[in-house]
Structures are given as structure tokens and as C-alpha cells.
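Q:
Residue numbers (the working numbering): 0 to 109.
#1: Given residue 70, which residues of its chain have a CB within under 6 Å of its CB, disregarding the five upstream and five downstream residues?
#2: Going by DSSP in three states, residue 99 sits in which element: helix, strand or coil?
#3: Which class does residue 10 belong to by DSSP, given the choice of helix, strand or coil?
#4: What's the gap between the Cα of residue 42 and the Cα of residue 61?
#5: Run the CB neighbour count on residue 51, radius 10 Å, all protein chains shown included, and call it buried at 16 or more, exposed below.
#6: Per DSSP, residue 88 forms a beta bridge with which residues?
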């Protein structure tokens, strides 16, 4: 998991989510390059950007919905305000809510 103080400083410094996602994607690339020797490219790819965005979303949700996420992990009821939205944790640990789109024929990642 990423350090919250690093994410906080990035959020304070930059107002663009795209910029923060790219910075974290480059940090992830650097960390992964220390583990394995992978061919280097200049631009980050879509997978790296998606991983960075997931890290940001999980960190922010973890700070804002700490109790609700913990209750969902233990299959308990969460706060009444959130309960109305049929919350659930997806396979990547992101808090999502149900709604009319649950009846759609497309996946919620779109």
C-alpha cells in the first residue's frame, strides 16, 4: 500500500487527478523495476495508470469510509446513509454502491 503522507502531499501540491495518477504510476514503475528487470519505456502504459488510480481510490476511500469498509469486510451492516445505496467491496477492494446500473448488461468497470 502507498504511504498516506505521500498521497496527502501530492493532493496538496497538484490539483489534477491525471497528474497525480501519472506520478504514482511512475513511482510504481520504479518500485517494480527494483524487483524485476523489465524493458523500460518512456511513457507509462494503461495498466500502470489503472493500478495507480486504484491505489488512490482505495487510500481515499480508506480514510473517508474506514468504519464502513471494516464492517463490509466482516459482513456487518454499515452506516444507514450508505446502507441505502447497497454498498459492496469489489474484487480489488474498492467500495462500490449498487443502483439502477446493476440491472444493466455491462460490467461496472466501464
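We treat Cβ as the ideally placed atom computed from N, Cα and C, and that holds for glycine.
A: Here's the rundown:
#1: 77
#2: helix
#3: helix
#4: 29 Å
#5: buried
#6: 94
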